[in-house]
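Following: one structure in C-alpha cells, then a few remarks.
There are 2 protein chains.
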Amino acid sequence: MKIAVIGSVAAGTSAAAKARRNTESAEIAIFEKGVDISYSACGIPYYVSDMVTDRKQLIPRDANFFKERYNIDVLIGHEVLKIFPDDKQLEVENLVTRQIFKHHYDLLVIATGASPFVPPIKGADAPNVFPIRTVESGDKLKMFIKRSKPAHGVIIGSGFIGMEMAESLVHLGIKTVIVEKAAQVVPSLDPDVATWVERHLQENGVELFLADGLAALETNESGVYGVVTESGKRIRADFVIMAIGVKPNVALAKAAGIAIGETGAIKVDKYLESSIKGIYAAGDCAESFSRITGRPVYYPQGSTANKMGRIVGQNITGAREEFQGGLGTRIFKVFDLAVGQTGLTENEAKRLGYEVATVHNIKPNQQPYYPGGSKLLIKAVADRQTGKMLGAQVVGSHGVDKRVDVFATGISLGIKANEWFQIDLGYAPPYSTTKDPVTYTGMILTNEIEKETHLISPDELEQRREDGRPLTIIDVRPPEEYTTGHVTGAINIPLANLRQRIGGLDPDVDTVTYCNAGTSGNASQNILLNHGFKSVFNISGGYQNWKMRPSSKQTVVMV
Amino acid sequence: MKIAVIGSVAAGTSAAAKARRNTESAEIAIFEKGVDISYSACGIPYYVSDMVTDRKQLIPRDANFFKERYNIDVLIGHEVLKIFPDDKQLEVENLVTRQIFKHHYDLLVIATGASPFVPPIKGADAPNVFPIRTVESGDKLKMFIKRSKPAHGVIIGSGFIGMEMAESLVHLGIKTVIVEKAAQVVPSLDPDVATWVERHLQENGVELFLADGLAALETNESGVYGVVTESGKRIRADFVIMAIGVKPNVALAKAAGIAIGETGAIKVDKYLESSIKGIYAAGDCAESFSRITGRPVYYPQGSTANKMGRIVGQNITGAREEFQGGLGTRIFKVFDLAVGQTGLTENEAKRLGYEVATVHNIKPNQQPYYPGGSKLLIKAVADRQTGKMLGAQVVGSHGVDKRVDVFATGISLGIKANEWFQIDLGYAPPYSTTKDPVTYTGMILTNEIEKETHLISPDELEQRREDGRPLTIIDVRPPEEYTTGHVTGAINIPLANLRQRIGGLDPDVDTVTYCNAGTSGNASQNILLNHGFKSVFNISGGYQNWKMRPSSKQTVVMV
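Line order of the protein sequences matches chains B and Z.
Counting in the numbering used here, the first sequence runs from 11 upward without gaps.
Counting in the numbering used here, the second sequence runs from 11 upward without gaps.
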C-alpha cells in the first residue's frame, strides 16, 4: 500500500509516523515544498529574541531522522502541483531540478497547513514587512533586526503570535506598537479579560492602537517607514510584523474538487476523511470540531494538528478512530503574564444561544505566605440550563497553565460547575491554597446558578446605573480601603458592622455589595438575603475587577 | 437552633462558616482548647526555616474575625471534656478559670483533628524531641534552633512533613538525618518513585537510614543526644523531629459511644453524620472515602478537611449533600523537587485486587529549547479490565503540580487511559510540549492495555533475569550512549540499523528493547512486532528509569 502525505509540519509527520508504527508494509512518502520539516512554529518569537539561539532547536528532526526511524521518505523541495483523485495520482515538481513527475497513492493525507493573512495593500510585500509562520520567516526577521538595528516596530494584529512577538521586540530594545482593529487585544478573549492583558502590555512599554485597523503602509525605496491606521493616525515603523491571523492552505484541495467547509478549511468527517474517500486532511488546513457544541471550528494550533495527524495515521492503517474535537485551549506568555483560555468565552457562549452564568474570581495562586506567589484572574462560564462548564479564561503570573489544563480536562469530560468542589486537587503552600482557585470558581458559579446569591459584572452595574434604576451600592471593606478608592456612588458599611446597620437599609431596593475580590462581598450578600432583602448582587471580582472594566478604558491608547 | 463545633482548625471553622452563610438564625459556638484557630499547619516547615517570618501569616484569622464576619462565637482555651448525646450537652472546661460548665446543642460537629504519633519510648518526651503539628509546636522548634544552634538533627519518619522539615533543616545549616522504618522514603509512594526522591535528598546532603526504625533515644539530663536504630546504628542528635505520622483524636467521640471505623477514625456516612444522629464529624478525626473504591480511608489533609467541613456545614443547615470522597491527592516540595500523587499507587492497586497496567514516562515538562525546563517522571496506573485510570505519581522540578491536578481531575471523573489523548490541553513553549507529558502517559498506557506493545519495569526485567529465562536485550541508542552505560547483558543495535539487522535476531526469543526514556524503545518494539517477533517488551521509562530501579539501591545509606 502506498501512502502519500502533502506537508511535513505537525499533522503530516504525525500521520506518517503513526501509520508506520502500525504497519511495516506500507510505502510512505511525504512531499514538502519547503526545506524545514516538523518544526516548532511556536518557538519563533523566542528565536527572534535570541532566547533560543540555535536554529536547530526549533527543527530537531530532518528527513534522515524519518528515514532511519520510520522508513519514511520525506521529499523536501518537492511541491505537489495537483491532485488527481480519480487516478489516485499527484503531480509533483522537484523545485531544484524543475522536473515534474507523477506519483501514485492508495491513500492520501493533505496537511498543507496555513499561511499568515497579509492584507492586499500597497507595501505589504516590502522587504521589511514580516509575516511570521515558518522558521525561514523567523530567520528573515532575525537577520533584519541584527543588520538594521531598527528602533521602531509595529505589529499588526494582537493574537497569540502578536503578543509573543511584542515581548520579543521589547526584549530586543525595540519601541513596539500594536495596531488592532478590534476594541481589545487578543480578540479570542472576552473584553473584560483582555483589559488585564492591555494594562500589562502598557506597563511594559507597548503602545496600543485599539479599534483602529491598518489602513495603509507608507513606503519609500527601501521599504515601509510608516503605518497609517483607519482613523488616520500615522505611526513610525522601521519594520512591520503581520500577525493578523492565518488562513488555511486549501487551494490544492479545492482544485481537486474536495469540499471546503463553512470555516474556510477542508471539510472532514469525524474520521478526518475529506469529501473524497481515501483522502484525509489534518492540521491547520482542515476543520476541527468543538468538543462542546460538536460544530465545525477552525483551530490552527500545533497541539490540535498533532492529534489530528495521529488519528489520520490510525485511520489510514485500518482503524476507525473518531476525533472528539477540541476546546480551542490556548496559552501564551507575554512579559510576566500567562494568559490562557479553554472552551467558550462569555461572548461566544451567548452567540451560540447559551443562557450563561459567569464569574470573575481573583485569588492568590498559592499560599500568600509562601514567597513568589501572585494573584490570578479566572473568568469562567457555565450553562445555566445544565450546570455544565463551558469555558474558562485565566490570567496571572504563576499557575495559569495549571488552572487552564485542569479546566480543559474537566470541561472535556462534561464537568458541571457544582462538581469542582469535590475534585481532590493537590495542596501544599508552594503550589496552591487549601481550596484551589479552580475549586472556588466552581463554588461561586454554583452559587450563581443554584442560589439567590447573584453576581453582577462591573459593566452590567454601570449599565444599570445608566438606565437610572434605583440601587444601593455597599462597599463592605474597612473605611481606609474605601477612602483610597471605591465604586462610584457606593456607601461604606464594613462587613463587621453590617448586621447592626441593616435596619437603616431598604430591603426592597436592589442592593449591590462588593469588597476587594468578592469573598466579603458574598458574605455580606448572604447576610442581606438571609435578612429578607429582595434582590442583592455581589460585584463579580469585586473592586479589583470593577477598576479593570472595559468601559473605563478611555486611557488605553497612549500615543 | 444551637450548633456546637468542637475544634477550630480547617474542618471546624469551615463547617461553622458554611452554616452561617446558609442561615442567620442559628446560634453557632466553636470550642477550642488551644489558642490558635484556623491555622495553616502546612506552613510550619517554612516558618521553622524562617522563609515565613511572621507567625501571624500562618494564623490570618482570630476569634474576633469569626464574630465580626460570621457572628460565630469561638471560645478559645475551652476544652470539651465530655459529650452527652442523650441530653445533647457538652461538658466544657474553661482552661483559664478552670470553671466547668454544660453547653446545650441541637447539632454537634466533631472536628478534633489528629495528633502526631509519638512512640512510647524513653526520652520521647524530652524537651528537644519535637512532634510537629500546631503552630505552637513550630514555635518551640524554631525557638530551640535559634537558642541552641544545633548542628545535628534527626527526623524520624519520611512522610510529607518529614520531607519538608528536612529541607528546612538543611536550609538552616543543620546536618540532617532521616530514620525510616520502611525500605524507602515517603511510604505512600511506590518504591520505584521513592528512589528519585532518595537520590535528591542525598544530593542535598541528607543522610538516609532506610529499612531501619527508631529503637531507642539516648538521653542525658539535658535531653536526647542520640538515636539508636533497630539495626543498632547510633546517630548523633542535637534534637529529634517526630514525623512518623498522625493519629485521629477520637477519645472524646469514643467515650460518647460514637462508632470508630476500620481506619481508627470516626466512622461517618456519606453525609458525614456519625453513628449518632445529629452528631457530625469532619477533618482529620474522621474517616474519608476513596473516590475510586468507595471504601473508607484516612486522609488527614487540610484540603480534605475543608471539603468535609463545608459539607457538614451544608448538612446541618438542611441540605443533604454527599461527600464523594477523595483521591488522597498530595504534593510536597523538597529542595528542587516537587513530588505529588493522586489515586492509587501500583502497590495499593495490586493489594486491592486490580489487574494493573503501569507506565513510567520520563519527559521534558516544557519545550526543551525554552530555558528553565527540566524532566518529569510520571508513573501512572490503570485498570486493565476497564481501562480506567487509577492513579499517578509525578516527580520533577517544574510542572509537577499541574500534571497531578490534571490527573486528579481526570481520575475523579472516571477517565480511561485512552481518553487522555483527546483532551485538549494548553500548549506554548514555556508551559508544555506539543503533546503534554500527561497525553503521552495516556498514549503509552493505552498501548500497554490494548496492544501487544508491552512494557516491562526495570525490576521485572531483573526478576526475569534471575529466573534464568532466555532474553534478548537490545539497547537501541547510538553507540556512544551505549558505551557510557547500559542495561546488563544488552546488545547495541541502534534504531537506525534495526531493520537491516533484524535477520540476525531470533523472533521466538522474548526480546526487550530500550532507549533513554522509552520513545525509541517503543519505535523499535513496533518494528520487531510488525516483523513477527513473538514477544517484545519495552523497558518502562528506559535506561534512565532502569538506573533508578529500587533493586540497585545498595548505595542509599550513606553513613
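Heads up, the beta-carbon is just placed ideally off N, CA and C, and yes, glycines get one too.
Since the model is a prediction, treat every value here as computed from it, not as a measurement.
Chain Z has a Cβ within less than 8 Å of the Cβ of T419 of chain B. Membership of L218 of chain Z in any alpha helix (DSSP H) is not indicated; the residue belongs instead to the beta strand (DSSP E) covering E217 to F219. For C52 of chain B, the chain Z residues whose C-beta falls within less than 9 Å of its own C-beta are Q377, Y437, A438, P439 and T444, listed in chain order. A residue is called buried when at least 16 other Cβ atoms come within 10 angstroms of its Cβ; E174 of chain Z meets this threshold and is buried.
By DSSP's assignment, A269 of chain B forms no beta bridge with any residue. Per DSSP, reduced to three states, the secondary structure at Y57 of chain Z is helical. Listed in chain order, the non-local C-beta contacts of V414 of chain B below 8 Å within the same chain comprise T339, I341, G350, Q351, T352, A402 and V404, local neighbours out to five positions each way being set aside. In terms of beta-carbon proximity, T33 of chain B lines the interface with chain Z, with at least one pair separated by less than 8 Å. Bridge pairing for H114 of chain Z: Z:Q99 [DSSP]. For G336 of chain B, DSSP records a beta bridge to B:S300. At a Cβ-Cβ threshold of 8 Å, G542 of chain Z and N526 of chain Z do not count as neighbours. Going by DSSP, I321 of chain B is part of the alpha helix (DSSP H) stretching over G312 to N325.
Straight-line measurement puts the Cα of I69 of chain B at about 28 Å from the Cα of I289 of chain B.
Contact of R511 of chain B with chain Z is not assigned, every C-beta pair being separated by 8 Å or more. For P141 of chain Z, the enclosing beta strand (DSSP E) has its first and last residue at V139 to P141.
According to the DSSP assignment, L538 of chain Z belongs to the alpha helix (DSSP H) that extends over T529 to N540. Around F299 of chain B, no beta-carbon contact reaches into chain Z at under 7 Å, the shortest distance being about 11 Å. The Cβ neighbour count for Q395 of chain Z, taken over all protein chains shown within 10 Å, is under 16; the residue is labelled exposed.
Not a single CB atom of chain B sits nearer than 8 Å to the CB of A266 of chain Z.
Judged by DSSP secondary structure, Y553 of chain Z falls outside any beta strand (DSSP E) and instead within the alpha helix (DSSP H) spanning G552 to K557.
Spanning the alpha carbons of G233 of chain B and A136 of chain B requires a straight line of approximately 5 Å. Rounded to the nearest whole angstrom, the C-alpha separation of S198 of chain Z and P258 of chain Z is 18 Å.
Three or more beta-carbon pairs drawn from the region 463-480 of chain B and the region 545-564 of chain B are found closer than 8 Å, and the two stretches are therefore classed as touching. With contacts defined as CB atoms closer than 8 Å, A36 of chain Z and A121 of chain Z fail to qualify as a contacting pair. Within the region 338-395 of chain B, the beta strand (DSSP E) runs of at least 3 residues that lie entirely inside it are, in chain order, 340-344, 347-353, 366-374 and 385-393.
Cβ contact annotation for Q311 of chain Z (same chain, cutoff 6 Å, sequence separation greater than five): none.
Ranking Z:D294, Z:K317 and Z:T355 by CA distance to the CA of I302 of chain Z puts Z:T355 first. The continuous alpha helix (DSSP H) containing Q473 of chain B extends over residues P468 to E476.
For V546 of chain Z, the uninterrupted beta strand (DSSP E) run begins and ends at V546 to I549, by DSSP. The three-state reading of DSSP puts H88 of chain B in strand, counting E and B together. Counting the other CB atoms within 10 Å of its CB gives T144 of chain Z a total of 16 or more, which places it among the buried residues. Taken through DSSP and simplified to helix, strand or coil, P126 of chain Z comes out as strand.
Cα atoms of K385 of chain Z and K412 of chain Z: separation of roughly 14 Å, rounded to the nearest angstrom. Using a CB distance cut-off of 8 Å, F76 of chain B does not count as an interface residue toward chain Z. With the rule of 3 Cβ pairs closer than 8 Å, the region 179-195 of chain B counts as touching the region 237-249 of chain B.
Counting every other CB atom within 10 Å of its CB across the protein chains shown gives F76 of chain B a total of 16 or more, marking it as buried.
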